[in-house]
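Notes follow the structure.
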Amino acid sequence: MPEPILSGWGHAPLVAAREVRSEDLPAAARGMPLTRGLGRSYGDSSLPAPRDHAVAGATLADRILAFDPETGLLRAEAGLSLSEIYRLFLPRNWFVPVTPGTQFVTLGGMVAADVHGGNHHRDGCFGAHVTRLRMQVADGRVLECSRELEPELFRATLGGMGLTGHILEVEFRMARISSPWLWGEAEQVRGIGPFYDALGRAAADWPFTKGWIDCVSRGKNLGRGIMYRARWATPAEAPPRLPKHKKGFSIPFFLPSWVLNRASARLYNGFRYRTNRPKPRIVHPDEFFYPLDGMRHWNRLFGRPGFTQWQCVVPHANGLRTITRALELVNKRGFASPVCVIKDCGPEGEGLLSFPKLGISIAIDVPVRSWTRPLIDDLNELILAEGGRIYLAKDAFSRPEHFQKMEPRLAEWQAIRRRWDPQGRFRSAQSVRLLGDQP
Amino acid sequence: MKVAMKVAILGATKGMGRALARRFAERGDSLFLMGRDGDDLERSARDLEVRGAKAPGMVQHAACDLERPEGFGAALDAAQAALGGLDAVVVTAGLFATQEALESDAELARRVLTVDFANTVVFCEEARKRLLARGGGTLCVFSSVAGERGRKPVVLYGAAKAGLSQYLEGLDHKFRAQGLKTICVKPGFVRTSMTEGLKVPPFAGEPDAVAARVLAAVDRGTPVVYAPGIWALVMFAIRMLPRFVMRKIGF
Chain A
432 MPEPILSGWG HAPLVAAREV RSEDLPAAAR GMPLTRGLGR SYGDSSLPAP RDHAVAGATL
492 ADRILAFDPE TGLLRAEAGL SLSEIYRLFL PRNWFVPVTP GTQFVTLGGM VAADVHGGNH
552 HRDGCFGAHV TRLRMQVADG RVLECSRELE PELFRATLGG MGLTGHILEV EFRMARISSP
612 WLWGEAEQVR GIGPFYDALG RAAADWPFTK GWIDCVSRGK NLGRGIMYRA RWATPAEAPP
672 RLPKHKKGFS IPFFLPSWVL NRASARLYNG FRYRTNRPKP RIVHPDEFFY PLDGMRHWNR
732 LFGRPGFTQW QCVVPHANGL RTITRALELV NKRGFASPVC VIKDCGPEGE GLLSFPKLGI
792 SIAIDVPVRS WTRPLIDDLN ELILAEGGRI YLAKDAFSRP EHFQKMEPRL AEWQAIRRRW
852 DPQGRFRSAQ SVRLLGDQP
Chain B
854 MKVAMKVAIL GATKGMGRAL ARRFAERGDS LFLMGRDGDD LERSARDLEV RGAKAPGMVQ
914 HAACDLERPE GFGAALDAAQ AALGGLDAVV VTAGLFATQE ALESDAELAR RVLTVDFANT
974 VVFCEEARKR LLARGGGTLC VFSSVAGERG RKPVVLYGAA KAGLSQYLEG LDHKFRAQGL
1034 KTICVKPGFV RTSMTEGLKV PPFAGEPDAV AARVLAAVDR GTPVVYAPGI WALVMFAIRM
1094 LPRFVMRKIG F
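Note that the protein sequences, when read in sequence, are chains A and B.
Take the first sequence: its letters are residues 432 to 870, numbered as in the numbering used here.
Take the second sequence: its letters are residues 854 to 1104, numbered as in the numbering used here.
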């Protein structure tokens, strides 16, 4: 029997390894170097290190253990997916306090990557709403951690990419919403400069803001796009019916890699830019939060070689100049796919390796080609000089020296990690590549 | 609008049983759980309570192990008492092992044969008596496509499941007129922890899709359900194959 192949969402890299799943996650995780959720991180975050051949899979450990409809406190096993939470709780006027751009993630993954969303400027990362974690640490003990119990382990685990121990259960506070619908508007923005200003202006009035940018156009169109703003609709505005869960369609196979090129990306981007509906209206939560989830297996659009995402955050001081140069660089060295997002981040949270900090963030999906690695090197050097950093959950190509220079908190995180895992049992392909873990 | 059912499930903590219990809970049916591990049952009960907001109330549970037939009656009585009646009994529990494992371990083979055939039948008999005493109901039991025909990869497991399917058919013929509907579920390959690590064949299904089909069968009283549905065709083809072909192929 040939070894099964594991990969992240970007299909690069691919490794020969198994995922061992069980409803009994503590049993499946015992002795494993890492737990994997739904595998939506793009690169090698959820893949085993070169000499490990298996990771634990959390997705069958998906029970809700408690929900208090008074306080919104929810406790569940770490493999519970956001799509289940969404399906079960949206009709009851509850929603997760922070959602990433896909619902196909597990709670454990949301903690490990300390995900952020369109409300980061207001509500911070998911970790800010987590009250307690149950973990299996390196010596095999199962324990609870929180801001009061083992606070160091707790802080190191928020955004710690699953490298501090197996996350078994997550307790967090859900957000009460005024209706299961959003009220939102979408505005054409003519360039990267206006975009920067528009995000800043909207932050004061809107809980959810984000922008789609056309990363392929050049010259004066560089960084044009659509700015999305939304808030939960009031009961009076909301339609009486519940938002229907649309199944969407599936990309049935890998498209040939030539289908996605500069011309096709430009064609699509121009179409999307021009067909925008600017009128304020009721918006389906799927449409605002998860526009790509409607197309299952959309990662196959990039073809067999796969793709990666480069997501960075750069402090405001030189933010505009830096991301403008980043976009120019992408256009010069290769090309970006139509999947590009711009978002302003609020202050850094408590998670010791969490990605967001005060500044501007862009995320650009690029196909894996011969120019991809050198492009990412150049982009990383560009933001390194400006005090920026990258998001580990998206990364597959960064160099360790770059990442280590971007992350002043790394030493503190490593020290805590060593205390909890002196033998270095927990590791991933990414931690070996970037953090100096033993291969 | 259908009236909510009172359902006792043996094996609701894992796999297809978990998915099916959730479907019952989410549409407002009352549940009682039976299984081996008390802590595990407790966790599943909490999960089902949160999901079953339409039928507020505690989901209770009792210990019941298919290897200990002496406890069957008590567990079903506890279910009846807790639910204040009983409309359906569902059995998704069972033991599985690969043919290689069963051939090399006689004790394991004895356990699988006992649990999947003899003890499941004994459990069903206890359930049958109680359901008939109430004027009928539904007995929904998970057998397997492995019991459709003698095949190389499932000689022993398939034999137990064949016996079980045969029993369920007989039961349905004998008691349907008295109001007892027997439903024999024959899952094909479904991706659960039971099949974790096995080579995934074509037409493999997901537990939730199986649960949706089984729920519809429970409502309609369909006596035999293949899940996913494509397995009805696959197994029809396999039943039609002549012996000399079956002897050659490895499936």
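Note that the Cβ used here is the ideal one computed from N, Cα and C, for glycine as well.
Since we're looking at a predicted model, the values are computed, not measured.
Local conformation of residue i per DSSP, three classes
i                  : result
Cys-743 (chain A)  : strand
Pro-870 (chain A)  : coil
Gly-1003 (chain B) : coil
Gln-854 (chain A)  : coil
Glu-779 (chain A)  : coil
Asp-882 (chain B)  : coil
Asp-917 (chain B)  : Note that residue 917 (chain B) is Cys in the sequence shown, not Asp. Of the three classes helix, strand and coil, the one that applies to Cys-917 (chain B) here is coil, per DSSP.
Ile-847 (chain A)  : helix
Ala-661 (chain A)  : strand
Gln-534 (chain A)  : coil
Gly-558 (chain A)  : helix
Phe-603 (chain A)  : strand
Ala-489 (chain A)  : coil
Backbone CA spacing between residue i and residue j [nearest angstrom]
i                  : j                  : result
Arg-864 (chain A)  : Arg-858 (chain A)  : 10 Å
Glu-960 (chain B)  : Thr-967 (chain B)  : 11 Å
Met-854 (chain B)  : Arg-880 (chain B)  : Per-residue confidence for Met-854 (chain B) stands at a pLDDT of 47, beneath the threshold of 50, marking its modelled position as unreliable; no derived number is given.
Glu-832 (chain A)  : Pro-839 (chain A)  : 12 Å
Ile-862 (chain B)  : Glu-920 (chain B)  : 16 Å
Ala-460 (chain A)  : Pro-1076 (chain B) : 40 Å
Leu-1094 (chain B) : Leu-732 (chain A)  : 41 Å
Glu-984 (chain B)  : Val-912 (chain B)  : What sits at residue 984 (chain B) in the sequence shown is Leu, not Glu. Roughly 20 Å separates the two Cα atoms.
Asp-636 (chain A)  : Ala-931 (chain B)  : 56 Å
Leu-783 (chain A)  : Gln-534 (chain A)  : 24 Å
Pro-1060 (chain B) : Leu-810 (chain A)  : 44 Å
Leu-580 (chain A)  : Trp-851 (chain A)  : 14 Å
Arg-662 (chain A)  : Arg-705 (chain A)  : 24 Å
Gly-867 (chain A)  : Gly-819 (chain A)  : 21 Å
Glu-616 (chain A)  : Val-770 (chain A)  : 20 Å
Gly-549 (chain A)  : Ser-792 (chain A)  : 11 Å
Supposed contact pair residue j and residue i - C-beta distance, whole angstroms, cut 8 Å
i                  : j                  : result
Ala-865 (chain B)  : Leu-886 (chain B)  : 5 Å
Ala-544 (chain A)  : Ala-824 (chain A)  : 4 Å
Val-1078 (chain B) : Ile-1036 (chain B) : 6 Å
Ile-847 (chain A)  : Leu-584 (chain A)  : 7 Å
Ala-664 (chain A)  : Trp-612 (chain A)  : 4 Å
Leu-760 (chain A)  : Leu-813 (chain A)  : 7 Å
Leu-1033 (chain B) : Leu-992 (chain B)  : 6 Å
Per-residue contacts from residue i into chain B (C-beta, under 8 Å)
i                 : result
Ala-497 (chain A) : Arg-899 and Val-903
Val-451 (chain A) : Glu-1049 and Gly-1050
Neighbouring residues, chain A, relative to residue i (Cβ below 7 Å)
i                  : result
Arg-1002 (chain B) : By Cβ distance, chain A contributes nothing, its closest Cβ being about 24 Å from Arg-1002 (chain B), past 7 Å.
Lys-1048 (chain B) : Reading off the sequence shown, one finds Thr at residue 1048 (chain B), where the question assumed Lys. Correct list: empty, because the minimum Cβ distance to chain A is about 10 Å.
Same chain only: Cβ atoms within 6 Å of residue i, ignoring 5 sequence neighbours per side
i                  : result
His-715 (chain A)  : Pro-674
Thr-755 (chain A)  : Ile-623
Arg-1073 (chain B) : none
Glu-887 (chain A)  : An answer regarding residue 887 (chain A) cannot be provided, because it is not within the stretch 432 to 870 covered by chain A.
Arg-981 (chain B)  : none
Ala-999 (chain B)  : Val-1007, Tyr-1010, Gly-1011 and Lys-1014
Asn-524 (chain A)  : Ile-608
Met-1099 (chain B) : none
Val-546 (chain A)  : Pro-531 and Phe-557
Asp-882 (chain B)  : Ala-857, Met-858 and Val-860
Met-658 (chain A)  : Glu-618, Val-620, Ala-629 and Gly-642
Gln-861 (chain A)  : Asp-475 and Ser-476
Ile-495 (chain A)  : Ala-507
Residues that residue i contacts on chain A, provided the C-beta gap is smaller than 8 Å
i                 : result
Thr-866 (chain B) : Glu-454
Ala-906 (chain B) : Arg-523
Neighbour list for residue i in chain A, Cβ cutoff strictly below 9 Å
i                 : result
Arg-896 (chain B) : Arg-494, Leu-496 and Glu-508
Beta-carbon proximity list for residue i, same chain, < 7 Å, skipping 5 on both sides
i                 : result
Lys-677 (chain A) : Asp-717 and Gly-725
Gly-765 (chain A) : Val-797, Arg-800, Trp-802, Thr-803 and Leu-806
Phe-520 (chain A) : Phe-526 and Met-605
Residue i beta carbon near the ligand ATP (any heavy atom closer than 8 Å)
i                 : result
Glu-575 (chain A) : Within the structure as shown, the ligand ATP is missing, as the structure has no ligands at all.
Proximal chain B residues relative to residue i, where beta-carbon distance stays under 9 Å
i                 : result
Leu-423 (chain A) : Since the first residue shown for chain A is 432 and the last is 870, residue 423 (chain A) is missing from the structure and cannot be characterised.
Leu-465 (chain A) : The contacting residues do not exist; Leu-465 (chain A) stays about 17 Å from chain B at best.
Other residues of its chain near residue i: CB distance less than 8 Å, five sequence neighbours each side excluded
i                 : result
Leu-691 (chain A) : Leu-732, Phe-733, Gly-734, Ser-768 and Pro-798
Ala-634 (chain A) : His-552, Arg-553, Thr-640 and Asp-775
Leu-686 (chain A) : Arg-731, Leu-732, Phe-733 and Gly-734
Thr-490 (chain A) : Arg-452, Gly-468, Leu-469, Gly-510, Ser-512 and Thr-537
Under 7 Å from the C-beta of residue i: neighbouring residues of chain B
i                 : result
Leu-491 (chain A) : Ser-1046
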